[in-house]
Amino acid sequence: MPDLKTEVLVIGAGPAGSMTAKWAAKNGAKVVMIEKRQEIGSPVRCGEGISKSWLEGVGIKPGRWINLEVEGARIFSPSEKVFEINEKDAGNEVGYVVERTAFDKQLAIDAANVGVDVFLKTAAMTMLKENGRIVGAKVKRGGETFEIRAPITIGADGFESQVGRWAGIPTNISTRDMDTCLQYRMTNVDCDVRYCDFYLGKVAPGGYVWVFPKGEGLANVGIGVQVSKVTAMADARTYLDRWIDHHPGYAKGKKIDMVGGGVSISAPIKQTVADGIMLVGDAARMIDPLTGGGIANGCIAGKICGTVAAEAVHAGTPTKEFFQQYEKGWRALLEEKLYRNWLAKEKLVQLSDDVFDKVIDVLQGYKLEKLSVHNILKAVHEKYPEVTKEFEEFL
Amino acid sequence: MPSKKHLHIESSGQLCIYCGACVGICPLNCIYLDETRITFDEKVCTRCEICVKACPVGAIEIG
């Protein structure tokens, strides 16, 4: 393969990459998107729950990738008291349960249909640099190594992002700010297709167990455990297997798939752009630290990223200064909530099972007007003032 | 200089599920995932053991 030239090079064809590529191409840029895997969307590394409200704004139409629509979420305390939340209030993982392999492919198709060239089985090996700026990547496809030169490179290479680090953008996270996750797709389980379920407390230290129904007795049953709370090898699997063993409706099920992955639960990072490069999605640590959901934020930022990339191409200014439009743009939409949810996460991971039980006990009999951290704390405060003592700054 | 501990990543597929959790958390960026093979840079790795904790299936051992 001879060396290539393009205007925008997108590394990674997940939702954030495809969204960025699409919006750059729609706005007139010549775009190449590379994906190291042979199949876009596979293997899945995700619980496959997404909220609905943001889809229209970024131009995603409902399609065959939807498994089912849920009414809301159920939060289970350690003694399995239940609090139901309406879908609209339930955070960015509740609304549709999707088939990620189909969802990711649809987004890549949308990108390809507006002119993006997609290269599969093509992995970035290192960044090309000239005078301190990124000017594309050295890539490998099959046994061949070649260069793709571009004034703008987009790092959309997911949780294990290399691109940011190669480009000198600090994206390292601590063990407190990462959950290690494992999920089985299970058949023949007794789940309720009306809800995405979340189980809190010691069953999943610093994270939660989730059950996302996929219809006809099929469900994603998974766990996230905060890495700083891991005490033994394979803790995530041990905790998940134990949870399943203790729930007869799931213990009788059969596992047909096992996937894993890392999820950042960090505060927003300080920098996502440098000369010639922008980071987007999980690579930019845009995952909601409370829910662990990354798709909505990645796509919302991707639309801005692609649009700014195309503008920079037309203006001939692929500079850090020009990319501030993206940096400021995504922060205006997402940063405050990411930070607020990170603070909430920092508190939640310290709560004992007893406190979780008290909080859910209050909430299950309480009619909240609107679901917010403030309203929840107010409700808990009325019955258990000692529980909310630590949370006074939120009240 | 004391010799480094032995680090072993089981990536033949018996344990490893190629999820990339170890790659993403490695503070020195010295673990590489190449579809179905994981390698690490013996010289750069300080045996900090963070990857051992991050692995959801226990495929990384140190000793």
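Just so you know, the protein sequences line up as chains A and B, in that order. My numbering puts the first residue of the first sequence at 1, with every later residue one more than the last. My numbering puts the first residue of the second sequence at 396, with every later residue one more than the last. Ideal placement from N, C-alpha and C gives every residue a C-beta, glycine not left out. As the structure is a prediction and not an experimental result, all values here were calculated from the model.
From which residue to which residue does the alpha helix (DSSP H) around residue 113 of chain A run? 100-113
Near-chain B residues of the region 236-263 of chain A (beta-carbon distance less than 8 Å), N- to C-terminal order: 236, 237, 258, 259, 260, 261, 262
Would residue 440 of chain B count as contacting chain D if we go by Cβ distances under 8 Å? Among the protein chains of the structure shown, namely A and B, there is no chain D.
Report the start-end ranges of each alpha helix (DSSP H) in the region 244-331 of chain A that is 4 residues or longer and not cut off at the edges. 248-251, 295-315
Which value, in whole angstroms, describes the spacing of the CA atoms of residue 77 of chain A and residue 172 of chain A? 32 Å
Alpha helix (DSSP H) containing residue 381 of chain A: first to last residue? 373-383
Three or more C-beta pairs under 8 Å: does that hold for the region 369-381 of chain A against the region 323-332 of chain A? no
Can you tell which of A:65, A:79, A:83, A:64 has its C-alpha closest to the C-alpha of residue 72 of chain A? A:83
Would you say residue 235 of chain A and residue 74 of chain A are within 8 Å of each other, going by their C-beta atoms? no
Between residue 428 of chain B and chain A, is there a C-beta pair that is closer than 8 Å? yes
For chain A, check one thing: does any of its Cβ atoms lie closer than 8 Å to the Cβ of residue 414 of chain B? yes
8 Å is my cut-off, CB to CB: does residue 160 of chain A come that close to chain B? yes
Beta carbon of residue 93 of chain A nearer than 8 Å to that of residue 47 of chain A: yes
When you compare the CB positions of residue 410 of chain B and residue 447 of chain B, do they come within less than 8 Å of one another, or not? no
Interface residues of chain B around residue 75 of chain A at Cβ under 9 Å? In chain order: nothing, as chain B lies at least about 23 Å away.
Residue 1 of chain A - DSSP class collapsed to helix/strand/coil: coil
As assigned by DSSP and simplified to three states, the class of residue 348 of chain A: helix
If we define contact as Cβ-Cβ less than 8 Å, is residue 181 of chain A a contact residue for chain B? yes
I need the DSSP call for residue 159 of chain A, collapsed to helix, strand or coil. coil
Mind listing the chain A neighbours of residue 473 of chain B? Cutoff is C-beta to C-beta under 7 Å, in chain order. What the structure shows of chain B is the stretch from 396 to 458, and residue 473 of chain B is not part of that stretch, so it cannot be assessed.
Give every residue of the same chain whose Cβ lies closer than 7 Å to the Cβ of residue 450 of chain B, excluding the five residues on either side of it in the sequence, and list them in chain order. 416, 417
Grab the span of the beta strand (DSSP E) containing residue 20 of chain A for me, first residue to last. Unbroken run through residue 20 of chain A is the alpha helix (DSSP H), 15-26; no beta strand (DSSP E).
Can you say whether residue 411 of chain A is buried or exposed, counting buried as having 16 or more other CB atoms within 10 angstroms of its CB? Beyond the ends of chain A as shown, which are 1 and 395, falls residue 411 of chain A; an answer cannot be given.
Out of A:333, A:264, A:233, A:365, point me to the one whose CA is closest to residue 457 of chain B's CA. A:233
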